[in-house]
Structure formats: structure tokens, C-alpha cells
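Asker:
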Amino acid sequence: MRRIPPGRLTGAAEKIIPPPLNPTVSWSSNQLTTAASNPVPCLEDQDILAKFADPASRNLAFNQLVRKYQQKVYWHVRKMVIDHADADDLTQDTFVKVWNHLGNFRQDASLYTWIYRIATNECLNFLSSKRRKFFLPLNDVGAELAAKVEADPGLAGDDVEKRLQKAILRLPDKQRLVFNMRYYDETPYEQMAEITGTSVGALKASYHHAVKKVEQYINDETQPD
Amino acid sequence: MKTPFRLDEHPRRPQPLAAPPAGYFDRLPMQIMTRVQPAPARETVATWSWLAALSQPVRTVLASGLVLGSFATAFLLTPSASAPTTALARVPQAELVQYLLASDTRVSLTDLAELPATDQAMTSYLQASPTELQDALDAQPTEETYL
Numbered sequence: 159m160r161r162i163p164p165g166r167l168t169g170a171a172e173k174i175i176p177p178p179l180n181p182t183v184s185w186s187s188n189q190l191t192t193a194a195s196n197p198v199p200c201l202e203d204q205d206i207l208a209k210f211a212d213p214a215s216r217n218l219a220f221n222q223l224v225r226k227y228q229q230k231v232y233w234h235v236r237k238m239v240i241d242h243a244d245a246d247d248l249t250q251d252t253f254v255k256v257w258n259h260l261g262n263f264r265q266d267a268s269l270y271t272w273i274y275r276i277a278t279n280e281c282l283n284f285l286s287s288k289r290r291k292f293f294l295p296l297n298d299v300g301a302e303l304a305a306k307v308e309a310d311p312g313l314a315g316d317d318v319e320k321r322l323q324k325a326i327l328r329l330p331d332k333q334r335l336v337f338n339m340r341y342y343d344e345t346p347y348e349q350m351a352e353i354t355g356t357s358v359g360a361l362k363a364s365y366h367h368a369v370k371k372v373e374q375y376i377n378d379e380t381q382p383d
Numbered sequence: 002m003k004t005p006f007r008l009d010e011h012p013r014r015p016q017p018l019a020a021p022p023a024g025y026f027d028r029l030p031m032q033i034m035t036r037v038q039p040a041p042a043r044e045t046v047a048t049w050s051w052l053a054a055l056s057q058p059v060r061t062v063l064a065s066g067l068v069l070g071s072f073a074t075a076f077l078l079t080p081s082a083s084a085p086t087t088a089l090a091r092v093p094q095a096e097l098v099q100y101l102l103a104s105d106t107r108v109s110l111t112d113l114a115e116l117p118a119t120d121q122a123m124t125s126y127l128q129a130s131p132t133e134l135q136d137a138l139d140a141q142p143t144e145e146t147y148l
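Protein chains in written order, with this note's numbering: chain A, 159 to 383; chain B, 2 to 148.
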């Protein structure tokens, strides 16, 4: 199993671990259920947090938390980094950070939003560090991800879906994140605003432009010469 | 003419990419729990594991310090050359006097006769007591003696 070097995570703690969220907005984790919802019966967030606060039941509570959110976090990360091994590393790193900082989590905010935000920062840091490490411009990392999409067995035989995935990869990282959350997960804009720290209006505009860009790219690609 | 692609008309696949390996989500919680748990066994068995935790520059500095320390220790432990006075002390008194009197350019009998009364430092340098000097003078032929 590959591990991300610890050095990669240093120097941006406040960026990686999000500050306490806006207590006026609270979303139930039930609203966030996706098609990949976990079949294991799960505790409510409040129960998990209460058990986590007790050292005797901390491990059990955290295990429940991981089982409850692992699939959502994994797919959120996977759609950003495409590769399963990278997604595995980043999902694990996300939950390790959750373990380290859950004791300081303010319970007036949504636990899932907080976790989602950590995962989002992990993805963005991973992609930007990849560019810094190999001195690659934006398009080269996009080309690398596009090659992984091309080789993905889940897209074999579905040319339209493959073109759609490649078109999404041409978006800038943050806009791709917005597109994924809205298009695939149908995340409410208010919650996206909490996760990304951006206004609802800006997110709506970003998604609208992302859709136009994706459609434009696919239509240009399929246009007859 | 081909119909332009419209995203809202495209059937949405929530997870478009290939699923992870079978059983992945069953194993993942255990892998994460392993990472977040303290490992006391690892700390006791792997005595040098702390080296791996250090960053590359720190390890380089540590290695350089170790090499320099070895050189300094080796330098300090190397036996130094014997001091001249120690080497001179090993020479028998008789040989010393014979050497000094072998040529007038080194020391004359007169110098030796005057030495005990004038220069204590010189007698200490010669490693001979006034009595020994006197004996050496007495042993010389009488025609060379001014006393």
C-alpha cells in the first residue's frame, strides 16, 4: 500500500484542517445520501461524537464513523484524482486527520461537511503538489488524468461517457470540484459553500460555466471535419 | 446533422469510474484504524526507527557531525610526540656531560664551574645538580681546570 510522505502535509495545517463551520447552517447527513450509501446500519453523528469523547469507546466510535462515510469520501476523492491507489491514500489520510482533530470539532456544524472539506483540501493539495513536484503545467496533469480515464475499465465501451469525463478533466481543479459535487452528488449549494468557503452565487456561476465548457468541449470533439 | 451534446439530456452515472477492488470497503476501516493507533511494539523493537522519521537535511547534518566527531576523537586519542625535556631526562648524566664538553662551542669547563652559582634555570635544564656538576668537573684533567 502506498503512503503519502508526511512532508507533503506540513506547512498548511489551517488549510488542511478547516476552521469551525458556520453554525447557522446545519445539514443532516441523511440529506447527503448518494447511490453509494453504506449498507451498514450507522449511528447518528451525535452518538458517534459522544462515544468518541469517551476514551473507552473511542475506537468503536471512530470505526463507525469510517464505515459511515468511507464510500462518500472515497468517491469524492476518486473523481478528482481518477486513480484508485491515489484515492485510497487520500481517503486514508483524510480519516487520519479526522481522528487527530475530531476532539476539537465543534458539534454545532455538520460532521460530514467537515469531513468532506478535509477530503477536498487533501485532493487540491495532492494535485497542486503533483504539479509542483514535476514542474508540470496544468494541461500535463490533465493529460495524465485523461490517460487514466482512457484506461479505466468502468468506461470501456461507453464513448460518450469517456468524452464527458475527459471534458470534465479540462476544467480547473476547483471548478471540477464544484462540478462533481453538483452534478454527481447533487450537493446543495449552501453546503458546497461551507465546504469550499465560497459564496452560493459564485458557486452557481461556476457550475453554469463548467456545464457550458463541458458541452462545448464535447461538441467540438465530435464535430465532423 | 448530429444533435449537439447537452448535459441535462445525458444519463447521469453517479460513479462513472470502475469500482474499487472487491472487499475494499471492508478492509479500509481496519487499515485506517491501524494507522491511527499508537504502536508501542514498533517503538521498542525498532530502535533505529526514529532515524527514518527525521527529514533528509537533519539526517545529513547528523551524519556529518558523526564523521567530524570521529576525526576529533581520533586526533585527541593519538599519542603525541615526547616532549624534548622528557627525552633529555632519559640520557644518562655522564653521557650528557661528555657531549657538552666534547666541543668548546657547546660548553666549557669554566661555564660548568660558574653555572651552579649563577643560573638555576640552566642547571635545571641540564638535569644535573650542583654536586653532579662538581663531580663532573673533578673528573676532568687538572691542566684544564681553573679552580
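From the three backbone atoms N, C-alpha and C, an ideal C-beta is built for every residue, glycine too.
Quick check: what's the CA-CA separation for Phe210/A versus Ile33/B?
Answerer: When rounded, the distance between both Cα atoms is 16 Å.
Asker: Would you mind working out which of Leu248/A, Val369/A, Glu344/A and Thr354/A sits nearest Pro15/B, comparing C-alpha positions?
Answerer: Glu344/A
Asker: For Leu335/A, which residues of its own chain have a beta-carbon under 8 Å away from its beta-carbon, when the five flanking residues on both sides are left out?
Answerer: Met238, Thr278, Cys281, Leu282 and Thr354
Asker: Would you mind sorting Lys332/A into buried or exposed? The rule is 16 or more other CB atoms within 10 Å of its CB.
Answerer: exposed
Asker: Are the beta-carbon atoms belonging to Lys384/A and Ala304/A less than 8 Å from one another?
Answerer: Lying before the first or after the last residue shown, residue 384/A is absent from chain A, which here runs from 159 to 383.
Asker: According to DSSP, simplified to helix, strand and coil, what is Phe26/B?
Answerer: helix
Asker: Going straight from the alpha carbon of Asn221/A to that of Pro30/B, what length do you get?
Answerer: 6 Å
Asker: Going by other Cβ atoms of all chains shown within 10 Å of its Cβ, with 16 needed for buried, is Tyr375/A buried or exposed?
Answerer: Looking at its Cβ environment, which holds 16 or more other Cβ atoms inside 10 Å, Tyr375/A is buried.
Asker: Determine contact between the region 310-317 of chain A and the region 16-24 of chain B, defined as no fewer than three beta-carbon pairs at a distance below 8 Å.
Answerer: Flag = yes, the region 310-317 of chain A and the region 16-24 of chain B touch.
Asker: Which residues in chain B have a C-beta closer than 7 Å to the C-beta of Trp257/A? List them in chain order.
Answerer: Val37
Asker: Does Pro5/B get closer than 8 Å to chain A when you measure Cβ to Cβ?
Answerer: yes
Asker: Taking 8 Å as the cut-off, does the region 222-232 of chain A touch the region 5-14 of chain B (at least 3 CB pairs, one atom from each stretch)?
Answerer: Touching, no, given that fewer than three Cβ pairs across the two stretches are closer than 8 Å.
Asker: So with CB distances below 9 Å, who are the chain A contacts of Ala19/B?
Answerer: Simply His242, Asp310, Pro311, Gly312, Leu313 and Ala314.
Asker: Reducing DSSP to helix, strand and coil, say where Thr111/B ends up.
Answerer: Per DSSP, reduced to three states, the secondary structure at Thr111/B is helical.
Asker: Is it true that the CB of Asp246/A sits closer than 8 Å to the CB of Phe284/A?
Answerer: no
Asker: In angstroms with no decimal places, state the Cα-to-Cα distance between Tyr342/A and Trp272/A.
Answerer: 19 Å
Asker: From Val183/A to Ala360/A, what does the alpha carbon distance come to, in whole angstroms?
Answerer: Bear in mind that the predicted position of Val183/A carries a pLDDT of just 33, short of 50, making it unreliable; the figure below should be weighed with that in mind. Those two C-alpha atoms are separated by around 18 Å.
Asker: Starting from the Cα of Asp251/A, find the closest Cα among Arg225/A, His242/A and Ile276/A and give me that residue.
Answerer: Checking every option, the nearest Cα to that of Asp251/A belongs to Ile276/A.
Asker: Determine, using beta carbons only, whether Phe284/A comes closer than 8 Å to chain B.
Answerer: Closer than 8 Å: no.
Asker: Could you work out which residue in Asp212/A, Tyr227/A and Lys226/A is closest to Gly261/A when comparing CA atoms only?
Answerer: Closest by alpha carbon: Asp212/A.
Asker: How big is the Cα-Cα spacing for Leu248/A and Ala75/B?
Answerer: 50 Å
Asker: Give the DSSP-derived three-state secondary structure of Leu97/B in the structure shown.
Answerer: helix
Asker: Taking C-beta pairs closer than 7 Å, name the residues in chain B that Trp233/A reaches, listed in chain order.
Answerer: Those within 7 Å of Trp233/A in chain B are Gln16.
Asker: Express the C-alpha separation of Thr61/B and Met339/A in angstroms, rounding to a whole number.
Answerer: 45 Å
Asker: Tell whether a beta-carbon distance below 8 Å holds between Leu138/B and Leu97/B.
Answerer: no
Asker: Taking 7 Å as the limit between beta carbons, can you name the residues of its chain near Ala219/A, skipping five residues before and five after?
Answerer: Once the five neighbours on either side are set aside, the close Cβ partners of Ala219/A are Ile206, Lys209 and Phe210.
Asker: Does the beta-carbon distance from Val372/A to Leu8/B come in below 8 Å?
Answerer: yes
Asker: Taking buried to mean at least 16 other C-beta atoms within 10 Å of its own C-beta, is Ala193/A buried or exposed?
Answerer: Any reading at Ala193/A must be qualified, since the residue scores a pLDDT of 37, below 50, and its modelled position is unreliable; the value itself is stated next. Classification for Ala193/A: exposed.
Asker: Taking only the alpha-carbon atoms, compute the straight-line gap between Ser71/B and Leu77/B and give it to the nearest angstrom.
Answerer: The straight-line gap separating the alpha-carbon atoms of Ser71/B and Leu77/B is approximately 10 Å.
Asker: Is there a C-beta anywhere in chain A that falls below 8 Å from the one on Leu8/B?
Answerer: yes
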